[in-house]
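Last residue of the sequence shown: 702 (the UniProt record's numbering), numbering continuous.
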Amino acid sequence: LKLENDLRRALERDEFYLVYQPQVLLETEEIVGMEALLRWNHPKRGLVSPVDFIPIAEESGLIVPIGEWVLKTACQQNKTWQNAGYQPICVSINLSMRQFLQPNLAGKIDAILKDIGLDPSYVDLEITESMTLDKETAFDQLNRLKRLGVCISIDDFGTGYSSLHYLKNMPIDRLKIDRSFVSDVMEDSNNAAIVSTITSMAHHLKLKVTAEGVENKEQLHFLRQQHCHEAQGYLFSKPVKAAEFELSFLKPL
Ligand code: G
Ligand code: G
Ligand code: MN
Ligand code: NA
Numbered sequence: 450l451k452l453e454n455d456l457r458r459a460l461e462r463d464e465f466y467l468v469y470q471p472q473v474l475l476e477t478e479e480i481v482g483m484e485a486l487l488r489w490n491h492p493k494r495g496l497v498s499p500v501d502f503i504p505i506a507e508e509s510g511l512i513v514p515i516g517e518w519v520l521k522t523a524c525q526q527n528k529t530w531q532n533a534g535y536q537p538i539c540v541s542i543n544l545s546m547r548q549f550l551q552p553n554l555a556g557k558i559d560a561i562l563k564d565i566g567l568d569p570s571y572v573d574l575e576i577t578e579s580m581t582l583d584k585e586t587a588f589d590q591l592n593r594l595k596r597l598g599v600c601i602s603i604d605d606f607g608t609g610y611s612s613l614h615y616l617k618n619m620p621i622d623r624l625k626i627d628r629s630f631v632s633d634v635m636e637d638s639n640n641a642a643i644v645s646t647i648t649s650m651a652h653h654l655k656l657k658v659t660a661e662g663v664e665n666k667e668q669l670h671f672l673r674q675q676h677c678h679e680a681q682g683y684l685f686s687k688p689v690k691a692a693e694f695e696l697s698f699l700k701p702l
């Protein structure tokens, strides 16, 4: 409860910031995207992990204003970099269940994008498989979001419950292979089979596929052999603050 009260004031006290992790196109090694990840600098506890505060934010409903702050901040940052003359890249933003279930989410996102002047094709929304369990609600919401022109990715793919039947019909653009499968892909032949099969399925369903949690060259080599499109992980960079991302990864047009 203490943490919930602190969380309640965190927005107005400006205690949140975003870090960005590059997403690399394997064919060319170009940075084509970044995932925005939320950080909370608690005045007494220091950095609190989203693993610890997102569930509290979900439970209390605070995720709605916090999630809106994330959307605005990440989109504004992307637009600022485009205005500065860097090669445009896509920003991936994590949605939580409570946000995804808001009936007016698409309207809110539309207003944010118009206000900032960011082309929706430079925004990717990450949802998880569990958010698609109520099939009809998910389909309606995804269709509304797709009509805006944003991309939709399924995060942590392979750890949830999505049936192949849903996957076939859902208006999504990309699967992000959960890092638990990628992490020991060289040691565990079952994980290698899973990564290979998800990648191949994504190709056949005309979906893009991103491997998460890539930490070494051997994993990268394996993913290339499987024709995985994009990769993300400590091999390229941990998530970093905006200034460092700009210096390290953005290229002038
Ligand atoms: O970077 P990392 O330790 O921070 O992220 C931990 C978890 O928190 C991940 O599952 C990630 O998806 C989630 N997360 C990070 N930022 C956000 C955010 O802005 N919104 C939501 N809903 N989840 C986030
Ligand atoms: O659930 P989601 O995929 O949104 O969360 C991404 C999480 O994975 C964040 O906590 C991020 O910091 C973490 N992460 C990103 N790259 C790596 C990596 O190469 N190895 C590990 N162990 N974690 C990573
Ligand atoms: Mn994610
Ligand atoms: Na993930």
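By construction, the Cβ of each residue, glycine as well, lies at the ideal position given by its N, Cα and C atoms.
Query raised in the report: Tell me, which residues are paired with valine 497 by DSSP?
Result: In the sequence shown, residue 497 corresponds to position 48, counting from 1. Note: valine 497 sits in a beta bridge opposite Trp489.
Query raised in the report: Which partner residues of glycine 482 appear in the DSSP bridge assignment?
Result: For the purposes of this step, residue 482 is taken as the residue at position 33 of the sequence shown. Looking at the DSSP assignment, glycine 482 forms a beta bridge with Gln472 and Cys539.
Query raised in the report: Under 8 Å between the Cβ atoms of threonine 577 and aspartate 605?
Result: Counting from 1 along the sequence shown, the entry for residue 577 is found at position 128. Counting from 1 along the sequence shown, the entry for residue 605 is found at position 156. Yes, these two residues count as a Cβ contact at 8 Å.
Report task. Quick one: give me the first and last residue of the alpha helix (DSSP H) that alanine 642 is part of. Result -> Taking the first residue of the sequence shown as 1, we reach residue 642 at position 193. Where alanine 642 is concerned, the enclosing alpha helix (DSSP H) stretches over 638-653.
Query raised in the report: Is the Cβ-Cβ distance between serine 611 and glutamate 575 less than 8 Å?
Result: Here residue 611 is taken as the residue at index 162 of the sequence shown, counted from 1. Here residue 575 is taken as the residue at index 126 of the sequence shown, counted from 1. For serine 611 and glutamate 575, no; Cβs fall outside 8 Å.
Report task. Return yes when at least one heavy atom of ligand 2 lies under 7 Å from the C-beta of glutamine 526, else no. Result -> Translated into positions along the sequence shown, residue 526 becomes position 77. The answer is no for glutamine 526.
Requested in this report: Could you spell out where the beta strand (DSSP E) holding proline 573 opens and where it closes?
Outcome: Stepping through the sequence shown from its first residue, residue 573 is reached at position 124. Reading the sequence as shown, one finds aspartate at residue 573 and not proline. Element bounds for aspartate 573: 572-577.
Requested in this report: Going by CA-CA distance only, name the one from Asn618, Gly609, Tyr615 and Val663 that's closest to methionine 635.
Outcome: Here residue 635 corresponds to residue number 186 of the sequence shown, with the count starting at 1. Minimum Cα distance to methionine 635 is reached at Val663.
Requested in this report: Could you round the C-beta distance between valine 540 and methionine 483 to whole angstroms and report it? I think they count as a contact, below 8 Å.
Outcome: Translated into positions along the sequence shown, residue 540 becomes position 91. Translated into positions along the sequence shown, residue 483 becomes position 34. Right, their Cβ atoms sit about 6 Å apart.
Requested in this report: Would you mind giving the Cβ-Cβ distance between valine 513 and glutamine 551, rounded to the nearest angstrom? I have them listed as a contact below 8 Å.
Outcome: Reading the sequence shown from its first residue, position 64 is the one you call residue 513. Reading the sequence shown from its first residue, position 102 is the one you call residue 551. Right, their Cβ atoms sit about 7 Å apart.
Query raised in the report: Going by the beta-carbon positions, is the gap between leucine 671 and alanine 642 smaller than 8 Å?
Result: Taking the first residue of the sequence shown as 1, we reach residue 671 at position 222. Taking the first residue of the sequence shown as 1, we reach residue 642 at position 193. Looking at the sequence provided, one finds phenylalanine at residue 671 rather than leucine. Not a contact, by the Cβ cut-off of 8 Å.
Query raised in the report: Based on Cα-Cα distance, which residue from Asn553, His653 and Arg462 lies nearest to proline 492?
Result: Along the sequence shown, one-based indexing puts residue 492 at 43. Out of Asn553, His653 and Arg462, Arg462 has the C-alpha closest to the C-alpha of proline 492.
**Report entry** DSSP three-state assignment for leucine 567, whether helix, strand or coil
**Finding:** Counted from its first residue, the sequence shown places residue 567 at position 118. Residue state, collapsed to three classes: coil.
Report task. Quick one: residues in its chain with C-beta nearer than 6 Å to the C-beta of histidine 678, no 5 flanking neighbours on either side, listed in chain order? Result -> The residue labelled residue 678 in the question sits at position 229 within the sequence shown. The residues are Lys657 and Val658.
Query - Contact shell at 7 Å, judged by CB to any heavy atom of ligand 2, ordered along the chain - result: Gln470, Glu484, Leu486, Asn543, Glu575, Asp604, Asp605, Lys625, Arg628, Ser632, Glu661, Gly662, Val663, Glu664, Gln681, Gly682, Tyr683, Leu684, Lys687 and Pro688
**Report entry** Beta-carbon spacing of histidine 676, threonine 648 below 8 Å
**Finding:** Within the sequence shown, numbered from 1, the residue matching residue 676 stands at position 227. Within the sequence shown, numbered from 1, the residue matching residue 648 stands at position 199. Yes, these two residues count as a Cβ contact at 8 Å.
Query raised in the report: Is the stretch 470-480 close to the stretch 495-511, with three or more CB pairs under 8 Å?
Result: no
Query raised in the report: Assuming glutamine 536 contacts leucine 702 under a Cβ cut-off of 8 Å, what Cβ separation, rounded to an integer in Å, is found between them?
Result: Walking along the sequence shown from the start, residue 536 turns up at place 87. Walking along the sequence shown from the start, residue 702 turns up at place 253. That belief holds up - the Cβ atoms of glutamine 536 and leucine 702 are roughly 5 Å apart, short of 8 Å.
Query - Length of the line joining the Cα atoms of alanine 560 and asparagine 639 - result: Here residue 560 corresponds to residue number 111 of the sequence shown, with the count starting at 1. Here residue 639 corresponds to residue number 190 of the sequence shown, with the count starting at 1. The alpha-carbon atoms of alanine 560 and asparagine 639 are separated by roughly 45 Å.
Query raised in the report: Would the C-beta of serine 611 count as close to ligand 1, meaning under 7 Å from any of its heavy atoms?
Result: If you number the sequence shown from 1, residue 611 lands on position 162. Flag unset: Cβ of serine 611 not near ligand 1.
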